[in-house]
Amino acid sequence: MSTPLEVLQRVFGYESFRAEQQAIIDTLMAGNDALVLMPTGGGKSLCYQIPALLRPGTGVVVSPLIALMQDQVDALTELGVRAAYLNSSQDWREARDVERRMLNGELDLLYVAPERLLTDRCLELLSRSRIALFAIDEAHCVSQWGHDFRPEYLGLSALHERWPEVPRIALTATATAATREEIARRLSLEDAAHFVSSFDRPNILYRIVEKNDVKRQLLNFIREEHMGDSGIVYCLSRSRVEDMAAFLSQNGIPALPYHAGMDAARRAEHQARFLREEGLVMTATIAFGMGVNKPDVRFVAHVDLPKSVEGYYQETGRAGRDGEPATAWMAYGLQDVVQQRRMIDESQGDDQFKRRSGRQLDAMLGLCETVDCRRQQLLAYFGQNIAPCGNCDTCVEPPESWDGTVAAQKLLSAIFRLWRERGQRYGAGHLIDILRGRLTPRVRENGHETLSVFGVGADLSDQAWRSVLRQLLAKGLVTVDFEGHGTLMLTDDSRAVLKGERTLMLRRETLSAGRATRMRRLSTADAHLAPDEQLRFEALRAWRAEVAREHGVPAYVIFHDATLREIARGNPQSLEELSHVHGVGVRKLEAYGEALLECVAEV
Ligand code: ADP
Ligand code: ZN
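Going by our numbering, the sequence shown opens with residue 186, and the numbers climb by one from there.
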């Protein structure tokens, strides 16, 4: 019998295991349960695919998204693994054929949606088959507090009762300690070995910019740093998703919308195109992305503030699963803070829910306003300590901090003065007009030029004032009274600042011209090719596109960019040389080796 390492090399074409993979595989091989926390792109699938190949019987994989099973099965088939799925997209004939193969022991892996798995027919099928293991993917879906709750997942504890001797592995990329405990409890995995990998995704460059004209900013970001790349743009609302897609398309960037309000067929079509075509941008609500294992997503952009760090990390994690440089970009502004606070305030949830949402928002704001390494903050949220990373905006260009105590006092007293005139409805703009001493019609109408704070803030720009206000909101020193007219209010903590008992260090926004260039260099550094290598790479990509079209699969199912790049660099002359390239296993060497050699020879 082969060892796991041999299977890794022969079937998948990889040299060695990453971090915890070997230990996880050994656990399952010994018949024990495992709970695996690994970041997106960490390499979770191999942890159950290899034991499924080595243990007698079929590995049964529970996965929440039927739209993606096809791709997983296609990719495995390309590797010569006998895989199939059962879901509602099939007609009964196809399903019966899969069932037959299952009963005959002709499958290494079977993918099933949870609601399907728990049907009598499927349970019956499983009880007549030999099962190598159960893999429960996206296991955080069992968590009722999480962002992807799926009620069907609660039924999965039944697997353990029915098949106590079959090892189970639960996997997720979302994980605070609390979520992990909830998963273990709800899936009866109390005895499982826990494997918690580092959550760091070193190839992702994190950037958060101040929002002013977000469409323009997004367009420039894509044009300057990711032209021709696949990416995801997350928006908060459906209308914004449509709007962004139209805007990008009009400006020469192919983009498609995706949100829960679209009919299922159109959604599926857009998803399929995103997976199969290169260089497409998906503008989407968070309804899009779970389980999208497209490895070559080069950027994830947030044009609205995400609700929690956990969600943000999950979403940004969809960039660069292939380990190549990728960017997580976000634009964030004052309006985001106000809007999110309002959503929490007006939500139907109970007080506990509101408090929790408030804390999650605070953590997110902390990340946005930090003057320290973003990655350090992110990982600290998941309980991990690291040194400053050198691959985020604050590391590359540390923002200055400045003593904003006096500015804050001016702003807070302006809010206080205005607040006393109850019934007044005013936003940040009016407040800043007063501070800067502008005689607008609105100021005159209300006699606000007579306030003692009128004109005391002429020393700072509008942008600087917005930044101060935003940071005060983020720090809970200002709040929004939604029961009034959405008016800004002081909080209990404001007093200490007003009285001068507390010094406030604030982040200064910098917009230096060299920044984008520096960032661009960082985000593409590893991918650089010499001119002749670039020619070979282009030729290989063209060849791959052709093969992918013929097979009706996404290009990355044939080979990843990283593999093609390695071939372009190494310019191999024989099948033997080719076989050492990362991602070229026995099956692919056999199927494509000659064609690859021909392709590079012709350049
Ligand atoms: P996850 O499900 O954790 O997001 P995947 O299982 O999709 O991640 O793996 C991410 C990528 O890393 C895939 O392209 C996979 O083939 C690759 N990969 C996984 N393990 C290894 C390894 N040991 N060596 C090289 N590449 C690997
Ligand atoms: Zn950093």
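Cβ atoms here follow ideal geometry from the backbone N, Cα and C, with glycine treated the same way. This structure is a prediction, so every number in the text was calculated from the model and none was measured.
Measuring alpha carbon to alpha carbon, tell me which of Gln257, Pro510, Val381 ends up nearest His713.
Considering only alpha carbons, the answer is Pro510.
Return the first residue and the last residue of the beta strand (DSSP E) that Ile417 is part of.
In the DSSP assignment, Ile417 falls within the unbroken beta strand (DSSP E) covering 415-419.
CA-to-CA distance, Gln206 to Gly228, given in whole angstroms:
Taking the straight line joining both Cα atoms gives about 8 Å.
Distance, Cα to Cα, Val556 vs Thr262?
Between Val556 and Thr262, the C-alpha separation is close to 48 Å.
Contacts around Ala698, its chain only, beta-carbon distance under 7 Å, and the 5 residues preceding and following it disregarded
The pLDDT assigned to Ala698 is 48, lower than 50, so where the model puts this residue is not dependable; a value taken from the coordinates is nonetheless given after this. Non-local C-beta neighbours of Ala698 in its own chain, meaning closer than 7 Å and more than five positions away in sequence, are absent.
Tell me whether Ala698 sits in a helix, a strand or coil according to DSSP, three-state version.
Because Ala698 sits at a pLDDT of 48, beneath the cut-off of 50, its placement in the model cannot be relied upon, and the following sentence gives the value as read from the coordinates. Ala698 carries a coil assignment under DSSP once its states are collapsed to helix, strand and coil.
Under the criterion of a Cβ to heavy atom distance below 7 Å, does Gln569 qualify as lining ligand 2?
Every heavy atom of ligand 2 is 7 Å or more from the Cβ of Gln569, so no.
Which residue from Ala643, Asp385, Glu630, Cys232 puts its Cα closest to that of Leu193?
Cys232 is the residue among Ala643, Asp385, Glu630, Cys232 whose C-alpha sits nearest the C-alpha of Leu193.
Thinking C-alpha only, which one of Gly505, Glu783, Met549, Gly543 is nearest Ala516?
Nearest option by C-alpha distance: Met549.
What are the boundary residues of the alpha helix (DSSP H) that Tyr851 is part of?
It is not possible to answer for residue 851, since the shown part of the chain is limited to 186 through 788.
Looking only at C-alpha atoms, which of Gly413, Thr501, Arg693, Gln520 sits nearest to Pro583?
Restricting attention to Gly413, Thr501, Arg693, Gln520, the CA atom closest to the CA of Pro583 is found in Arg693.
Just checking Cys553 against ligand 2 - is the residue's beta carbon closer than 7 Å to any of the ligand's heavy atoms?
Because no heavy atom of ligand 2 lies under 7 Å away, the Cβ of Cys553 does not count as near it: no.
Mind checking who Phe384 pairs with in its DSSP beta bridge?
Answer by DSSP bridge pairing: none, since Phe384 is not bridged.
Are there 16 or more other CB atoms within 10 angstroms of the CB of Ala198, so buried, or fewer, so exposed?
According to the sequence as given, residue 198 is Gly; it is not Ala. By the C-beta density criterion, Gly198 is buried, having at least 16 other C-beta atoms within 10 angstroms.
Supposed contact pair Glu554 and Ala659 - C-beta distance, whole angstroms, cut 8 Å:
5 Å between Cβ atoms; contact.
Beta-bridge pairing of Val266 - partner residues as DSSP gives them
The secondary-structure analysis by DSSP pairs Val266 with nothing; it has no beta-bridge partner.
For Asp717, which option in Pro739, Ala740, Asn756 has the closest C-alpha, if you only look at C-alpha atoms?
Checking every option, the nearest Cα to that of Asp717 belongs to Asn756.
Does the beta carbon of Asn405 fall short of 7 Å from some heavy atom of ligand 2?
No, Cβ of Asn405 sits at least 7 Å from all heavy atoms of ligand 2.
Measure the C-alpha to C-alpha separation of Cys577 and Phe202 and round it to an integer number of angstroms.
Cys577 and Phe202 have their C-alpha atoms spaced approximately 28 Å apart.
For Phe538 and Gly290, the rounded distance between their alpha carbons
Cα-Cα distance, rounded: 48 Å.
With H, G and I counted as helix, E and B as strand and the rest as coil, what does DSSP make of His615?
In this structure, His615 counts as helix in the three-state DSSP scheme.
Tell me the residue span of the beta strand (DSSP E) that contains Phe319.
Taken as a continuous stretch (DSSP letters only), the beta strand (DSSP E) holding Phe319 covers 316-321.
For Gln569 and Thr361, what's the separation of their Cα atoms in angstroms?
A straight-line Cα-Cα distance of about 11 Å links Gln569 and Thr361.
CA-to-CA distance, Leu725 to Pro189, given in whole angstroms:
Distance between the alpha carbons of Pro189 and Leu725 is about 31 Å.
Could you check what DSSP says for Asp536 in three-state terms: helix, strand or coil?
Reduced to three states, the DSSP call for Asp536 is helix.
Does the Cβ of Phe334 have 16 or more other Cβ atoms within 10 Å, making it buried, or fewer, making it exposed?
Phe334 counts as exposed, since fewer than 16 other C-beta atoms from the protein chains shown sit within 10 angstroms of its C-beta.
Write down every uninterrupted run of the alpha helix (DSSP H) in the stretch 732-779 whose length is 4 residues or greater and which is fully enclosed by it, in chain order.
Taking only runs of at least 4 residues, the alpha helix (DSSP H) segments lying wholly in the stretch 732-779 are 740-743, 746-755, 760-764.
Helix, strand or coil, according to DSSP, for Ile389 in the structure here?
Ile389: strand per DSSP, three-state reduction.
Unbroken stretches of the beta strand (DSSP E), 3 residues or longer, contained in the stretch 462-530:
Qualifying beta strand (DSSP E) stretches, in chain order: 466-469, 482-487, 511-517.
Consider the C-beta atom of Asn478 and the heavy atoms of ligand 1; say whether any pair is separated by less than 7 Å.
Under cutoff, so the answer is yes.
According to DSSP, is Ser586 helix, strand or coil?
If DSSP states are grouped into helix, strand and coil, Ser586 belongs with the strands.
According to DSSP, what are the bridge partners of Arg353?
Listed as beta-bridge partners of Arg353 by DSSP are Phe319.
For Val641: DSSP bridge partner residues
Per DSSP, none; premise fails for Val641.
Which residue's Cα is closest to the Cα of Trp592: Val641, Val522, Gly575?
A small fix is needed here, since residue 592 is Ala in this sequence, not Trp. Nearest C-alpha to Ala592 among Val641, Val522, Gly575: Val641.
Kindly give me the distance between the Cβ atoms of Met475 and Ile417, rounded to whole angstroms, as I take these residues to be in contact under 8 Å.
Contact between Met475 and Ile417 is absent: CB atoms are separated by about 12 Å, not below the 8 Å threshold.
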